[in-house]
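S.K.: Top to bottom, those sequences are chains A and B.
Going by my numbering, the first sequence opens with residue 1, and the numbers climb by one from there.
Going by my numbering, the second sequence opens with residue 511, and the numbers climb by one from there.
This is the structure, below, for whatever I ask next.
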Amino acid sequence: MSNTPYALEMRGITKRFPGVLANDNVNFTVEKGEIHALLGENGAGKSTLMNMVNGLYRADEGQILLDGKPVKFSSPRDAIDNGVGMVHQHFMLVPTQTVAENLILGQKTPRFYINYKKLEQDIADLSQKFGLAVEPHAKIWQLSVGEQQRVEILKMLYQGAKLLIMDEPTAVLTPQEVTDLFKTLREMTATGHTIIFISHKLDEVVAIADRVTVLRRGRVESTVDGKSTSKAELARLMVGREVLFRIQKKPAEPTADALVIDSVSCENDRGLPALRNMSLTVRSGEVVGIAGVAGNGQTELAQVITGLRQATSGKVTVQGQDVTNQPATATIDQGLAYIPADRNGVGSSPNLNLADNLILKSYRRPPIGSGWRIDLGLVRSQAEQLIEQFDVKTPSVDLPARLLSGGNLQKLILAREISRQPKVVIAVYPVRGLDVGAIESIHQMLIDERDRGAGILLISEDLDELLSLSDRIVVLFEGQIVGEVPPEDERIDEIGLMMAGTKVEQSHAT
Amino acid sequence: MRLKIEPRLEIPRWLPVVSIILALILALIIGAIPLAYGGLDPFEAYYQMFRTGFFEPYSFSDTLVKATPLILAGLGVTIAFRMRLWNIGAEGQLFLGAWAATGVALFWLPPTTPKVVMLAAMTLGGFAAGALWGAIPGVLKAKLGVNEIISSLMLTYVAVEFNNYFVYGPWAAGGFGLTAPYPRTAWFPRLTDFGDTIPAFRGMTAHLGILYGIIAAVILFVIFKYSKWGYELKVIGDNPNAARYAGMNLSRTIILTMIISGGLAGLAGMSEVAGVVHRLQENFSPGYGFTAIIVAWLARLNPLAVIVVGYLFGGLLVGGDAIQPAGIPLLIQGIILFCVISADTFTRYRIRLVQPAATTAQS
Numbered sequence: 001m002s003n004t005p006y007a008l009e010m011r012g013i014t015k016r017f018p019g020v021l022a023n024d025n026v027n028f029t030v031e032k033g034e035i036h037a038l039l040g041e042n043g044a045g046k047s048t049l050m051n052m053v054n055g056l057y058r059a060d061e062g063q064i065l066l067d068g069k070p071v072k073f074s075s076p077r078d079a080i081d082n083g084v085g086m087v088h089q090h091f092m093l094v095p096t097q098t099v100a101e102n103l104i105l106g107q108k109t110p111r112f113y114i115n116y117k118k119l120e121q122d123i124a125d126l127s128q129k130f131g132l133a134v135e136p137h138a139k140i141w142q143l144s145v146g147e148q149q150r151v152e153i154l155k156m157l158y159q160g161a162k163l164l165i166m167d168e169p170t171a172v173l174t175p176q177e178v179t180d181l182f183k184t185l186r187e188m189t190a191t192g193h194t195i196i197f198i199s200h201k202l203d204e205v206v207a208i209a210d211r212v213t214v215l216r217r218g219r220v221e222s223t224v225d226g227k228s229t230s231k232a233e234l235a236r237l238m239v240g241r242e243v244l245f246r247i248q249k250k251p252a253e254p255t256a257d258a259l260v261i262d263s264v265s266c267e268n269d270r271g272l273p274a275l276r277n278m279s280l281t282v283r284s285g286e287v288v289g290i291a292g293v294a295g296n297g298q299t300e301l302a303q304v305i306t307g308l309r310q311a312t313s314g315k316v317t318v319q320g321q322d323v324t325n326q327p328a329t330a331t332i333d334q335g336l337a338y339i340p341a342d343r344n345g346v347g348s349s350p351n352l353n354l355a356d357n358l359i360l361k362s363y364r365r366p367p368i369g370s371g372w373r374i375d376l377g378l379v380r381s382q383a384e385q386l387i388e389q390f391d392v393k394t395p396s397v398d399l400p401a402r403l404l405s406g407g408n409l410q411k412l413i414l415a416r417e418i419s420r421q422p423k424v425v426i427a428v429y430p431v432r433g434l435d436v437g438a439i440e441s442i443h444q445m446l447i448d449e450r451d452r453g454a455g456i457l458l459i460s461e462d463l464d465e466l467l468s469l470s471d472r473i474v475v476l477f478e479g480q481i482v483g484e485v486p487p488e489d490e491r492i493d494e495i496g497l498m499m500a501g502t503k504v505e506q507s508h509a510t
Numbered sequence: 511m512r513l514k515i516e517p518r519l520e521i522p523r524w525l526p527v528v529s530i531i532l533a534l535i536l537a538l539i540i541g542a543i544p545l546a547y548g549g550l551d552p553f554e555a556y557y558q559m560f561r562t563g564f565f566e567p568y569s570f571s572d573t574l575v576k577a578t579p580l581i582l583a584g585l586g587v588t589i590a591f592r593m594r595l596w597n598i599g600a601e602g603q604l605f606l607g608a609w610a611a612t613g614v615a616l617f618w619l620p621p622t623t624p625k626v627v628m629l630a631a632m633t634l635g636g637f638a639a640g641a642l643w644g645a646i647p648g649v650l651k652a653k654l655g656v657n658e659i660i661s662s663l664m665l666t667y668v669a670v671e672f673n674n675y676f677v678y679g680p681w682a683a684g685g686f687g688l689t690a691p692y693p694r695t696a697w698f699p700r701l702t703d704f705g706d707t708i709p710a711f712r713g714m715t716a717h718l719g720i721l722y723g724i725i726a727a728v729i730l731f732v733i734f735k736y737s738k739w740g741y742e743l744k745v746i747g748d749n750p751n752a753a754r755y756a757g758m759n760l761s762r763t764i765i766l767t768m769i770i771s772g773g774l775a776g777l778a779g780m781s782e783v784a785g786v787v788h789r790l791q792e793n794f795s796p797g798y799g800f801t802a803i804i805v806a807w808l809a810r811l812n813p814l815a816v817i818v819v820g821y822l823f824g825g826l827l828v829g830g831d832a833i834q835p836a837g838i839p840l841l842i843q844g845i846i847l848f849c850v851i852s853a854d855t856f857t858r859y860r861i862r863l864v865q866p867a868a869t870t871a872q873s
């Protein structure tokens with residue numbers, strides 16, 4: 001054992017949320033003066049873990065030691081008083097105030113009189129030292145996102161942070177700003193600061209990290225040396241090697257084209273291109289898996305197909321019928337089922353009961369809807385039947401949907417979508433955050449749909465899931481399909497690299 | 511010892527009812543303080559209020575008269591609030607409804623028009639004008655994302671001044687903020703009109719408007735419970751994203767809801783001028799449109815409960831007239847709303863006393 005205590009040590013940390021085990025017996029150490037990357041897919045538990053260090057959450061089990069001393073923070077204030085600062089993905093700045101004002105916000109001093117001259121000198125010194133150029137008089141709203149991030153970092157340094165946690169800091173930055181940020185981070189470690197860098201981008205992790213800890217499904221997969229590791233190794237650790245369960249399925253017997261996406265482009269919510277001339281065909285009776293790191297156009301793709309987002313160009317057809325930019329009702333009538341990524345926020349209405357949630361897609365047409373009415377008797381009997389058939393565990397159909405566990409809610413959503421005998425099923429991260437049992441039944445439902453003759457488009461980050469379910473895998477990167485790979489275990493490194501944006505010799509041209 | 515507030519997972523059915531009753535009792539207790547300060551014996555004052563509002567020979571009829579606009583406007587508020595569309599401009603929609611009914615009665619139809627035609631035209635006009643006034647914040651919200659709380663409230667002031675312009679200007683009779691009285695054909699039938707055949711009805715001023723209220727409540731109840739549209743309101747109110755996902759047309763539903771919400775408030779105004787005032791005048795409403803918000807909230811947005819709560823508040827208004835100073839009923843209404851909304855927190859959260867670990871409590 002070394003004599004110098006770790007800057008941060010986490011022992012046996014477990015954190016549960018209703019229905020989700022976010023962190024499971026995590027042991028994690030960070031040495032003084034290192035840049036330690038915390039790598040993992042979305043939902044792997046990175047942010048949860050760090051929010052416990054930052055005092056936002058409290059661990060259900062386990063111990064946190066800072067410089068060898070056990071600590072229990074009850075708020076971020078507590079954490080920063082003990083030298084732990086966190087820069088969140090969404091900045092915590094007051095837009096109408098100046099940089100200087102934001103820096104002293106919430107500080108114990110100054111108590112009444114603000115010596116701006118001295119404050120600005122301090123800021124200038126800090127900026128100088130760490131290469132964080134920023135104008136102290138500027139109002140936050142006038143600054144670019146990159147500059148705002150610098151203010152966040154300055155704020156933490158000014159408030160005395162020795163351990164700085166950065167939650168996906170590069171997500172919002174331009175390449176040049178990323179380079180500058182990395183320079184700053186090195187500057188900081190040179191002066192004795194310690195940095196934890198949360199990311200799911202392999203390139204950056206390899207470029208900056210001294211050590212890398214990979215989280216997967218809430219557990220530490222491994223900690224490796226940042227200098228000697230490779231992107232391929234990290235990709236494998238991140239998406240998992242071990243096959244937990246493999247679904248039994250017969251070879252696909254694809255028939256006619258069920259869903260055709262023909263050079264479709266669209267924009268994301270911020271008006272930036274999300275899909276760029278993307279083309280893909282899904283045939284009846286096959287599962288096409290889309291691999292890719294979240295944020296490369298997955299959500300937008302599902303929305304464009306289902307009529308929830310406008311395509312700026314291109315064409316989407318379902319069984320020969322053009323549904324491009326048709327209202328969502330048209331795609332529903334065309335037999336499109338959509339299992340959205342956000343079960344609570346999109347896929348269900350949390351305060352309505354299960355019966356009401358089961359008719360979201362069918363209330364409009366007979367037999368459920370007739371004329372202006374809804375047949376309440378049928379709604380109820382059908383709900384009871386579906387809950388039985390799809391094994392949704394609930395005391396009654398009158399339960400509000402929000403009280404279901406994640407797995408049961410997802411089964412409810414599948415029951416609703418599948419019971420309509422869809423021709424195409426779009427499933428986005430269908431098992432994210434679910435336990436093994438639920439994962440298995442949901443995968444089985446999707447395969448059963450395939451065998452019934454539906455075309456399935458499976459969007460996932462989990463390569464295990466993709467390999468287990470898909471008949472073909474394509475990789476989506478920055479709004480384009482960058483390659484197609486057969487679902488074979490030997491190809492996993494290749495997929496991982498394509499997900500990270502590295503072009504690989506393509507086995508099939510699409 | 512420390513107070514800890516936790517959300518309740520399940521809300522027992524009895525809890526909301528009990529919490530409202532407790533809130534009402536608490537409101538009356540708090541209300542006793544200003545009453546006592548104003549030199550009144552609170553017990554005596556409350557006794558007088560309840561006696562006048564509910565237990566005098568004419569209480570039932572008088573209270574129905576006051577309850578009528580509260581019920582109609584309360585239903586309007588209910589339908590908007592059901593989909594979390596905060597239309598707080600019922601007062602303005604009510605003024606517009608009264609204005610249009612007056613236009614029909616005095617200026618746009620001859621006084622010789624048969625009563626049925628006249629009343630039907632006034633009803634349509636009142637509904638349409640209120641609906642229009644409700645549609646404006648609805649369209650602004652649906653198309654441009656304008657906050658309906660602000661726009662509907664601001665439009666209320668516009669409606670009141672619009673009304674003032676007409677009663678002092680083009681439609682004034684003598685310049686006192688009143689129009690000329692309506693011809694008899696534009697009066698809602700009242701109970702007292704049947705006094706010749708049923709002597710018990712003599713002097714009772716309850717009018718046709720209350721039937722409007724009851725019918726509207728039943729229709730809304732059926733819509734909410736059995737119709738596709740009621741289902742859409744429920745989903746949109748709970749989770750607009752899920753509604754969009756299910757293919758519901760949010761803009762259209764928002765606008766339609768505001769039209770009906772405003773239309774019902776317009777009917778409240780129309781029924782008030784056709785049934786009680788029989789002319790348009792300045793300030794003919796003592797804030798019915800605002801009290802309607804309290805009524806809808808207390809009724810937990812259940813249209814049938816709106817009838818009951820509307821009646822209770824009608825009694826409070828009638829009883830309030832019996833005690834002086836005159837601001838008291840409004841004051842008590844305010845305290846009631848405050849208490850009911852506060853009590854709502856207790857239905858959704860439970861409060862526990864927790865012992866902080868390892869430290870001794872000091873007082």
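Here a beta-carbon is modelled for each residue, glycine too, at the ideal position from N, C-alpha and C.
Just so we're clear, the structure is a prediction, and the values are computed from it rather than from any experiment.
Return the Cβ separation of B/GLY776 and B/GLY607 in integer angstroms, given the expectation that the two are a contact with Cβ distance under 8 Å.
M.R.: Confirmed, Cβ separation roughly 3 Å.
S.K.: Once you ignore the five residues that flank A/ARG491 on each side, which residues in its own chain have a CB closer than 7 Å to its CB?
M.R.: VAL485, listed in sequence order.
S.K.: Within this structure, are the beta carbons of A/VAL99 and A/ILE114 separated by less than 9 Å?
M.R.: In this structure, A/ILE114 does not lie closer than 9 Å to A/VAL99 by Cβ.
S.K.: Mind checking whether A/GLY307 and A/ILE459 have CB atoms under 9 Å apart?
M.R.: In this structure, A/ILE459 does not lie closer than 9 Å to A/GLY307 by Cβ.
S.K.: Just verifying my parser: in three-state terms, what is the DSSP assignment at A/THR96?
M.R.: A/THR96: coil per DSSP, three-state reduction.
S.K.: Under 7 Å Cβ to Cβ from A/ASP24, same chain only, skipping five residues before and after it: list those, please.
M.R.: Closer than 7 Å at Cβ, skipping near neighbours: THR14, GLY218, ARG219.
S.K.: Rounded to a whole number of angstroms, what is the C-alpha to C-alpha distance between B/ILE530 and B/LYS744?
M.R.: Each residue's Cα considered, the two are about 23 Å apart.
S.K.: Compare the Cα-Cα distances from A/GLU449 to each of A/ALA252, A/LYS46, A/GLY496 and report the closest residue.
M.R.: Of the candidates A/ALA252, A/LYS46, A/GLY496, the one whose C-alpha sits nearest the C-alpha of A/GLU449 is A/ALA252.
S.K.: Would the beta-carbon of A/LEU38 fall within 9 Å of that of A/THR189?
M.R.: It is not a contact, given that the beta carbons lie outside the stated cut-off.
S.K.: Could you check the C-alpha separation between A/VAL474 and A/LYS201 for me, to the nearest Å?
M.R.: So the alpha carbons of these two residues sit roughly 19 Å apart.
S.K.: Output the distance between the C-alpha atoms of A/LYS250 and A/VAL425, rounded to the nearest integer angstrom.
M.R.: The straight-line gap from Cα to Cα measures roughly 19 Å.
S.K.: Going by DSSP, what residue range makes up the alpha helix (DSSP H) through B/LYS735?
M.R.: Run containing B/LYS735: 719 to 736, per the alpha helix (DSSP H) assignment.
S.K.: Within the 9 Å Cβ cut-off, does B/TRP697 reach chain A?
M.R.: No, because no Cβ of chain A sits closer than 9 Å to the Cβ of B/TRP697.
S.K.: Would you please state the rounded distance, in angstroms, between the beta carbons of A/LEU56 and A/THR29? I believe it to be under 8 Å.
M.R.: The Cβ separation is near 21 Å, so there is no contact.
S.K.: Tell me, which residues are paired with A/GLN63 by DSSP?
M.R.: Answer by DSSP bridge pairing, in chain order: A/ARG11.
S.K.: Quick one: which chain A residues come within Cβ less than 7 Å of B/ASN751?
M.R.: Here the neighbours are GLY345, VAL346.
S.K.: Determine the direct distance from the alpha carbon of A/GLY62 to that of A/THR329, and round the result to whole angstroms.
M.R.: In a straight line, the C-alpha of A/THR329 is about 50 Å away from that of A/GLY62.
S.K.: Would DSSP call B/ASN751 helix, strand or coil?
M.R.: Note: B/ASN751 maps to helix in three-state DSSP.
S.K.: Select from B/THR562, B/ILE861, B/PHE570 the residue whose C-alpha is nearest the C-alpha of B/THR715.
M.R.: The option with the nearest alpha carbon to B/THR715 is B/PHE570.
S.K.: Since A/ALA300 and A/LEU336 are thought to touch, with beta carbons under 8 Å apart, how far apart are those beta carbons, to the nearest angstrom?
M.R.: The question names Ala, yet the displayed sequence has Glu at residue 300 of chain A. Not a contact, Cβ separation roughly 16 Å.
S.K.: Beta carbon of B/ALA610, beta carbon of B/VAL805: below 9 Å?
M.R.: No. Outside cutoff.
S.K.: Is B/LYS653 close to chain A? Criterion is C-beta to C-beta, closer than 9 Å.
M.R.: No, no contact with chain A.
S.K.: Just list the residues that DSSP pairs A/ALA337 with in beta bridges.
M.R.: In the DSSP output, where bridge partners are listed per residue, A/ALA337 has A/VAL425.
S.K.: Which one or two residues does DSSP pair with A/PRO70 in a beta bridge?
M.R.: Answer is A/LEU65, bridged to A/PRO70.
S.K.: Does the segment 345 to 359 of chain A come into contact with the segment 439 to 449 of chain A, if we say contact requires no fewer than three beta-carbon pairs (one atom in each stretch) closer than 8 Å?
M.R.: The segment 345 to 359 of chain A, when compared against the segment 439 to 449 of chain A, does not touch it at the 8 Å Cβ threshold.
S.K.: Just list the residues that DSSP pairs A/PRO400 with in beta bridges.
M.R.: A/ASN353.
S.K.: Once you ignore the five residues that flank A/GLY289 on each side, which residues in its own chain have a CB closer than 6 Å to its CB?
M.R.: Cβ within range, chain order: LEU458, LEU466, SER470, ILE473.
S.K.: Put A/LEU126 into one of helix, strand or coil per three-state DSSP.
M.R.: A/LEU126 falls in the helix class under three-state DSSP.
S.K.: Given a threshold of 16 other Cβ atoms within 10 Å of its Cβ, counted over all protein chains shown, does B/PRO654 qualify as buried or as exposed?
M.R.: For the record, residue 654 of chain B in the displayed sequence is Leu; it is not Pro. Classification for B/LEU654: exposed.
S.K.: Where does A/PHE112 sit, in a helix, a strand or coil, going by DSSP?
M.R.: It is coil, neither helix nor strand.
S.K.: Measuring only between beta-carbons, confirm whether A/LEU185 sits less than 9 Å from chain B.
M.R.: Not closer than 9 Å to any Cβ of chain B, the Cβ of A/LEU185 fails to qualify, so no.
S.K.: Relative to the C-alpha of A/SER396, which residue among A/ALA383, A/GLY407, A/THR96, A/ILE195 is closest?
M.R.: The candidate whose alpha carbon is nearest that of A/SER396 is A/ALA383.
S.K.: Could you name the residues of the segment 363 to 389 of chain A whose beta carbon sits closer than 8 Å to any beta carbon of chain B, in the order they occur along the chain?
M.R.: Under the 8 Å Cβ criterion, the segment 363 to 389 of chain A contributes TYR363, ARG364, GLY369, TRP372, ARG373, ILE374, LEU376.
S.K.: How would you list, in chain order, the residues of chain B whose beta-carbon sits under 7 Å from the beta-carbon of A/SER349?
M.R.: The contacting residues are VAL745, ASP748, ASN749, ALA752.
S.K.: Report all residues from its chain with a CB closer than 6 Å to the CB of B/ASP854; omit the five preceding and five following residues, and keep chain order.
M.R.: None.
S.K.: Whose C-alpha, out of B/ARG712, B/GLY713, B/PHE676, B/ILE746, is nearest the C-alpha of B/ASN793?
M.R.: Nearest of B/ARG712, B/GLY713, B/PHE676, B/ILE746 to B/ASN793, Cα basis: B/PHE676.
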